[in-house]
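Q: Got a structure for you, questions after.
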Amino acid sequence: MELQHLVVKIPVEGSLGIDPAKVVDFFHPWVAKQAVPGVVLVDVAELLHVPKGPGVVAVGVEADYAFDHSDGVWGVLYRRKDVVKGTNAERVSQALGAATQAAAALEAGFPGLKFSRKEFELIVNDRAIAPNLPATYAAALPEIEKALKELLGHGDFKLARHDQEPRQRFGVTVTSAKPFAFAEAIAV
Amino acid sequence: MKASNAIWKERLKGKLPEPLGSELDQYEVEIGLKLQGKLDDKFFAETRLRRGSYGQRYDNGQRYDGTESRKLPFADKPGKGAGTQWDAPGMQRIKVPFGGLNPAQLEVMADLAEEYSDGIAHVTTRQDFQLHFIHVENAPTLMRRLAEVNITTREACGNAVRNVTACPIAGVCRDEAFDVTPYARVLAKFLMGHPDTMEFGRKFKPAFSGCAQHACALVQMHDIGYVAAMREESGQMRRGFKIVVGGGLGPVPRQARVLTEWAPVEEMLPLTQAVCRVFGRHGEKKNRNAARIKFLVDKWGIEKFREEVAAVRKELREDPRWHDMLREVDRDTESALRPPGKLPELGGDAQLREWVKRNVADQRQEGYVTATVALPLGDITATQLRALADIVRKYTRGTLRTTVEQNFLIRWISKADVPALYADLKKADLGQPGASSIVDVVTCPGTDTCKLGISSSRGLGGELRQRLLTKGVELDEAIQGLHIKASGCFNSCGCHHIADLGFYGVSRTINGYKVPHFQVVVGGQWENNAGSYGLPIIALPSKRIPDAVDRITGYYAQNRQKSEKFFEFVKRVGKGPIRELLEPLNTNFPAHDAEPGFYTDWGDPRAYSIGDIGIGECAGEVVSRFVFDMTAAERLVFEAGLELDKNDPQKGGETAYAAFRMAAKALVQFQYDDISDDPDEIMAEFKERFFDTNLFHDPFVGPKFANFYFAAHAGRADKFDAATAHHRIAEAQLFIEAVHACYNKLRTTPAAATA
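Residue numbers (our numbering), protein chains in the order written: chain L, 11 to 198; chain V, 26 to 780.
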C-alpha cells in the first residue's frame with residue numbers, strides 16, 4: 011500500500027491562549043515570501059466563521075498548512091496534495107516534518123502557544139488509496155509502525171484508528187511515550 | 026495531482042450515465058493535450074468553463090503582498106486559457122437543479138471537499154455548490170465521483186444555460202399554484218446540451234417560482250422566469266406559467282418583462298426553446314458586456330421580442346420530448362417519512378424557541394414543517410455534510426434543498442420531531458437560529474477567491490454577522506427581519522440590489538492610500554420575487570460599514586410606521602435622510618500611521634493600496650480638485666435617485682447625465698487644466714485622452730463603462746421613464762467607479778497622468 015496525500019495534525023497542548031484570527035496575519039508573510047521551499051503558497055483562507063472547521067489555511071499548490079479546528083480540536087495541520095515520491099517511511103517523515111516545521115514557527119510567533127510533542131494524527135486524505143476499513147488498518151499498520159520507528163527512533167508508541175466510521179478518511183492517532191523533536195521552524 | 030485519479034477512472038468505468046462518462050473521458054484527454062500545448066487557449070478555456078471549472082484569484086500568477094505585486098512561482102507549464110496558470114488552484118461549480126439533493130449526494134460532496142478542496146463546501150446564491158482550490162488535473166475525477174450520484178457540473182459556467190433554480194418550498198408551500206419542482210427538473214434536463222443553447226453569447230439563468238408574491242425564487246432577476254399559475258379553461262383547471270424574460274442583476278440590473286401572462290405547462294419546453302433560439306440567433310456575441318438576453322430585450326423592446334419568439338415557436342420542428350418529459354411530473358413528488366404530529370411544548374429552552382421562531386415554518390400539509398439549516402456565509406464542513414446526511418435520512422425520505430440564501434431547507438419534518446431535529450442539528454453545529462434574518466448575511470466570494478473582487482464581501486459579511494449575533498434577540502423585531510447582502514464588486518453575485526441593506530465593493534483614495542469601500546445600496550425589494558432594485562446612496566470605508574448598519578437600522582426602528590417594510594420606509598422617508606445619517610462616517614479619517622487597520626480590508630492584513638504613493642504638493646492639489654469634482658459627481662447621482670423617487674424620471678435621467686459629465690470632466694482635468702464645461706468638449710477630450718488610448722479600459726469589462734458615458738451623452742435629450750432613468754443612474758454610478766479606478770491607475774503611472 012502506497013500511502014499518499016498524508017495529513018498530519020498536531021494538537022495544541024493545554025489551553026489555546028491565542029486569538030486564532032491572528033494566525034491570518036501570521037500566515038500572510040509565508041505567502042508573500044514564499045517561505046516554504048517546494049510549496050507554492052497561493053493565499054490565506056480565513057474560515058473561522060465555520061464551527062469546528064478548517065480554521066485558517068495557508069493554501070498551496072503542493073500542500074496546505076492550517077491552524078485547524080476540525081473535530082473541535084485546535085492544532086497545526088499539514089495536508090499534502092501532490093504526490094510524494096519515495097517510500098512510505100519517507101512520506102510519513104516528510105509530512106510529520108512539515109507539520110512540525112509549521113508548529114515550531116507558530117510557537118515562535120505566538121508565545122504561550124504549545125503543540126503536543128507526544129501525539130499527532132496521521133490521515134490518508136484519499137479514500138481510493140485507503141478506504142477506512144479494518145483491512146486497510148491491517149495492511150497499513152506494519153508500514154506505519156516501521157515508518158514511525160525509523161522516524162521517532164524508538165518503538166515506544168501506540169497507534170489507534172482515528173475514526174472507525176467507514177465514511178471518514180483512514181487515519182491513526184499516534185501517541186508516543188517519548189517526546190518527538192520538531193524540525194526547524196518555517197522562517198520568513 | 027492525486028495519485029488515485031487512475032483508480033477512480035477504472036472503478037467508475039461503465040458505471041456513469043452516458044454521455045456524461047464519455048464526455049469526462051474526453052475532457053481528460055483534452056487536459057492532457059492542453060498540457061502538451063496541443064490545444065488552443067481559447068478553446069480550452071471555454072471547454073473548462075462549460076464543465077464548471079472556473080478561475081480563481083491569483084491564477085494569472087500575480088499576487089499583491091501588501092507592498093508590491095509579486096509573481097507566484099508556479100511551474101512553467103502551458104496555461105489553462107484566459108491567462109490562467111496551469112497549477113493555479115481553481116473553483117469548481119457544481120450544479121444542483123432546483124437545489125434538490127439526497128444524502129448520498131451530500132456525502133460525496135463531503136468527500137470531495139475533504140480530498141480536493143480545503144474541507145469546505147460552499148452553497149451559492151443560485152443553489153449551486155462551489156469547491157475552491159481545485160487542481161485542474163483532479164477535476165475529471167471529481168466530476169466522475171459526482172456523476173456516480175447523478176450530479177453534473179456540465180454547463181455550470183460558460184455561455185450556457187446555468188443551474189435551473191426553484192423555490193425551495195415548492196410542493197409544501199401554502200401559497201403556491203402547484204409544485205414547480207418536476208418542471209424545473211424537466212427543463213434542466215431538456216436544455217442541457219440542447220442545440221438551441223449552443224450559440225449563446227453569454228450565460229442564461231432560468232428560475233421557477235410557485236407564486237408571484239414571495240422571494241423564494243427571485244424570478245424577476247432572471248434571464249427567464251416561470252411563475253406557476255392556474256387557469257380555468259373549458260371548465261377545467263389547467264396548470265401554466267407566467268413567463269418573464271430579460272431580468273438580471275449585474276452592474277446595471279433589469280427587472281424581467283412579461284413574455285406571456287400565461288402559457289400552459291405543455292408550452293413550457295417549446296416556448297423556452299424558441300426563446301433560446303431567438304437569443305442564440307440575435308443576442309450580442311462580440312461584446313460580452315452587452316450579451317445577456319436583457320440587452321436584446323432592451324434593444325428590441327418586449328413587444329418585438331415577443332413577436333420574434335412567437336414566430337420562431339411556429340417554425341420549431343415538433344419534438345416528442347416536449348410532451349413525453351412532462352408525463353412523469355405528477356409522480357415526481359416528495360412525501361413524508363414520519364406521521365404528522367403536533368409541535369410539543371418547547372419548555373424553557375430559549376435557543377430552541379428562537380430557532381423554531383426563525384427557522385421553522387408550517388407546510389401546506391397539516392402536521393409538517395420545513396426547517397432551515399442556516400449556514401454561515403454559505404459554508405459547511407465535510408463533517409457537517411455527513412451529519413446532515415444522517416439527519417435527512419432520519420427525519421425524511423432523503424431529500425432536502427439548497428436555497429438562494431445559501432442555506433439548506435429540510436422539508437417534511439413531522440412537527441412532533443422538531444425538538445429532536447433541533448437537538449441533532451445543534452450537535453452538528455448546524456442549529457444556528459436567525460434564518461432569513463439580519464444575521465443570515467449573504468455574500469459572494471469577493472476578494473477571498475474571486476478574480477473580480479474589489480473589497481472583501483465575505484470579510485464584511487462575517488464581521489456583520491458576528492456583531493449582529495452578539496446583539497441577537499436584543500435587536501428590534503423589525504430589524505431582525507431585514508436582509509443584508511454584500512457583493513465584492515458591482516457584478517452583484519451577492520444580490521445586493523435586492524437586499525434591504527445591500528453593499529458592493531469599490532475603492533477610494535484617502536490620504537494617498539487606497540482604501541476598500543462599499544457602496545451602500547438601499548431600497549431593494551426582496552419580496553415579490555425580487556420586485557424592485559435599490560440604488561447606491563454613498564460609498565463608505567469598509568471598516569465603517571458596521572457603524573452604517575447600526576445607524577440605518579436604528580433610524581428605521583425609531584421611525585418606521587407600524588408594519589412598514591424597510592423598502593416602504595425608504596420610499597416614504599426618502600434616501601436623503603439616510604444619506605445624511607451616513608455622511609459623518611465619510612469624514613474624520615484617521616491618519617495611516619495612527620490606525621493602519623482602517624486602510625486594510627476585513628480579514629486581510631495586507632495594505633490595500635499598492636502602497637508608497639508619494640504625495641507631493643502638486644499632486645496634493647490635483648487630488649483635492651479631483652476629489653472635489655468626484656464628490657460633486659456622486660452627489661449628482663444621488664440626487665438623480667431622489668428625483669426618481671419623486672416620480673420625476675426625466676429629471677432623474679438628466680441629473681444622471683450631469684453626473685457622467687462631471688466625473689468625465691474631473692478625469693480630463695487631471696491631464697488638461699483648461700477643459701471647459703461644454704459637454705461636447707468634455708466628451709471629445711475624454712474620448713481622445715482616455716478611451717482611444719485604452720487608459721480607461723477596465724481589465725475585465727473593457728470599454729463598457731466608457732460606452733455608458735457615450736450612450737448617455739448621445740441620449741442626453743432622450744425622454745426617460747422610470748426604468749430607463751433607473752438604468753442611467755446605475756450606469757452613472759458605475760462610470761464614477763471606473764473614473765476612480767482610472768484615476769488610481771494614472772496616479773501610479775505618472776507618464777500616463779501627464780500624457
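Note that CB positions come from ideal geometry on N, CA and C, so glycine has one too.
Which residues bound the alpha helix (DSSP H) around residue 101 of chain L?
A: Its alpha helix (DSSP H) spans residues 98-119.
Q: May I ask you to list, following chain order, the residues of the segment 397-426 of chain V that have a beta carbon less than 9 Å from some beta carbon of chain L?
A: The segment 397-426 of chain V vs chain L, Cβ under 9 Å: 400, 401, 402, 404, 405, 406, 407, 408, 409, 411, 414.
Q: Whole angstroms is fine: what's the gap from residue 196 of chain V's alpha carbon to residue 406 of chain V's?
A: Each residue's Cα considered, the two are about 29 Å apart.
Q: Using alpha carbons as the reference points, say which of V:103, V:114, V:579 lies closest to residue 476 of chain V.
A: Checking every option, the nearest Cα to that of residue 476 of chain V belongs to V:114.
Q: Reducing DSSP to helix, strand and coil, say where residue 235 of chain V ends up.
A: It is coil, neither helix nor strand.
Q: Can you tell me which of V:313, V:369, V:262, V:281 puts its alpha carbon nearest to the alpha carbon of residue 808 of chain V?
A: Beyond the ends of chain V as shown, which are 26 and 780, falls residue 808 of chain V; an answer cannot be given.
Q: Can you tell me where the alpha helix (DSSP H) with residue 297 of chain V in it begins and where it stops?
A: Element bounds for residue 297 of chain V: 293-307.
Q: Just checking my contact of residue 556 of chain V with residue 298 of chain V at CB under 8 Å: how many whole Å lie between their CB atoms?
A: Not confirmed; about 28 Å, so no contact.
Q: Let me check understanding here. Comparing Cα to Cα, which of V:376, V:398, V:371 lies closest to residue 384 of chain V?
A: Out of V:376, V:398, V:371, V:398 has the C-alpha closest to the C-alpha of residue 384 of chain V.
Q: Going along the chain, which residues of the segment 522-538 of chain V sit with their C-beta nearer than 8 Å to a C-beta in chain L?
A: Flagged: no residues at all.
Q: In the structure shown, what three-state DSSP assignment does residue 762 of chain V receive?
A: Helix at residue 762 of chain V.
Q: Starting from residue 287 of chain V and walking both ways along the beta strand (DSSP E), at which residues does that stretch end?
A: From DSSP, the beta strand (DSSP E) with residue 287 of chain V extends over 282-289.
Q: Do you know how far the Cα of residue 517 of chain V is from the Cα of residue 667 of chain V?
A: In a straight line, the C-alpha of residue 667 of chain V is about 22 Å away from that of residue 517 of chain V.
Q: Using a C-beta cutoff of 8 Å, does residue 144 of chain V count as contacting chain L?
A: Chain L, which has a Cβ nearer than 8 Å to the Cβ of residue 144 of chain V, makes this yes.
Q: State the CB to CB distance for the pair residue 131 of chain V and residue 410 of chain V, rounded to an integer number of angstroms; the pair is presumed to be in contact (CB under 8 Å).
A: Yes, they are in contact, since the Cβ atoms of residue 131 of chain V and residue 410 of chain V sit about 5 Å apart, within 8 Å.
Q: With C-beta atoms as the reference, is residue 785 of chain V less than 8 Å away from residue 739 of chain V?
A: As displayed, chain V neither begins before 26 nor continues past 780, which places residue 785 of chain V out of reach and without an answer.
Q: When the cut-off is 8 Å and only beta carbons count, does residue 636 of chain V lie next to chain L?
A: Note that residue 636 of chain V has pLDDT 35, beneath the 50 cutoff, so the model's placement of it is unreliable and the number below is only indicative. So no, residue 636 of chain V is outside the interface.
Q: Between the segment 569-577 of chain V and the segment 483-493 of chain V, are three or more C-beta pairs nearer than 8 Å?
A: Segments in contact, yes.
Q: So what does DSSP say about residue 637 of chain V, is it helix, strand or coil?
A: Any reading at residue 637 of chain V must be qualified, since the residue scores a pLDDT of 24, below 50, and its modelled position is unreliable; the value itself is stated next. Reduced to three states, the DSSP call for residue 637 of chain V is coil.
Q: Quick check on the burial criterion: 16 or more other C-beta atoms within 10 angstroms. Buried or exposed for residue 356 of chain V?
A: By the neighbour-count rule (16 or more Cβ atoms within 10 Å), residue 356 of chain V is not buried but exposed.
Q: Would residue 600 of chain V and residue 530 of chain V qualify as a contact pair, given that the criterion is a beta-carbon distance under 8 Å?
A: No, Cβ-Cβ distance for residue 600 of chain V and residue 530 of chain V is not below 8 Å.
Q: So does residue 290 of chain V have its beta carbon nearer than 7 Å to some heavy atom of the ligand HEM?
A: This structure lacks the ligand HEM; in fact it carries no ligand of any kind.
Q: Which residues, taken in chain order from the segment 441-456 of chain V, show a beta carbon closer than 8 Å to some beta carbon of chain L?
A: From the segment 441-456 of chain V, only 454 have a Cβ closer than 8 Å to chain L.
Q: List, in order along the chain, the chain V residues whose C-beta lies closer than 7 Å to that of residue 67 of chain L?
A: Result: 143.
Q: So, helix, strand or coil for residue 598 of chain V, using DSSP?
A: It is helical.
Q: Please decide whether residue 119 of chain L counts as near chain V, where near means a Cβ-Cβ distance under 8 Å.
A: No, no contact with chain V.
Q: Could you name the residues that DSSP lists as bridge partners for residue 77 of chain L?
A: L:66, L:86, per the DSSP bridge assignment.
Q: Could you say which of L:112, L:101, L:115, L:131 lies nearest to residue 161 of chain L if we only look at CA atoms?
A: Among L:112, L:101, L:115, L:131, the Cα nearest to that of residue 161 of chain L belongs to L:101.
Q: My guess is that residue 654 of chain V and residue 690 of chain V are in contact by the Cβ rule of under 8 Å, so how many angstroms apart are they, rounded?
A: Yes, residue 654 of chain V and residue 690 of chain V are in contact; Cβ-Cβ is about 6 Å, under 8 Å.
Q: Which residues in chain L have a C-beta closer than 8 Å to the C-beta of residue 91 of chain V? List them in chain order.
A: Result: 38, 42.
Q: Can you check the segment 565-636 of chain V for any alpha helix (DSSP H) of at least 4 residues that lies completely inside it and give the ranges in chain order?
A: The segment 565-636 of chain V contains these whole alpha helix (DSSP H) runs: 570-584, 591-598, 600-607.
Q: Check for me: the alpha helix (DSSP H) holding residue 708 of chain V runs from which residue to which?
A: 704-711 is the extent of the alpha helix (DSSP H) around residue 708 of chain V.
Q: Taking all protein chains shown into account, decide if residue 179 of chain L is buried (16 or more other Cβ within 10 angstroms of its Cβ) or exposed.
A: Buried: at least 16 other Cβ atoms inside 10 Å.
Q: Provide the residue span of the alpha helix (DSSP H) that contains residue 106 of chain V, from first to last.
A: Neither: residue 106 of chain V is in no alpha helix (DSSP H) and is coded neither H nor E.
Q: Comparing alpha-carbon positions, which option in L:113, L:158, L:143, L:87 lies nearest residue 193 of chain L?
A: When only C-alpha atoms are compared, the closest one is L:113.
Q: My assumption, with CB atoms under 8 Å, is that residue 392 of chain V sits in contact with residue 365 of chain V. Please give the rounded CB distance.
A: Correct: roughly 2 Å between the Cβ atoms.
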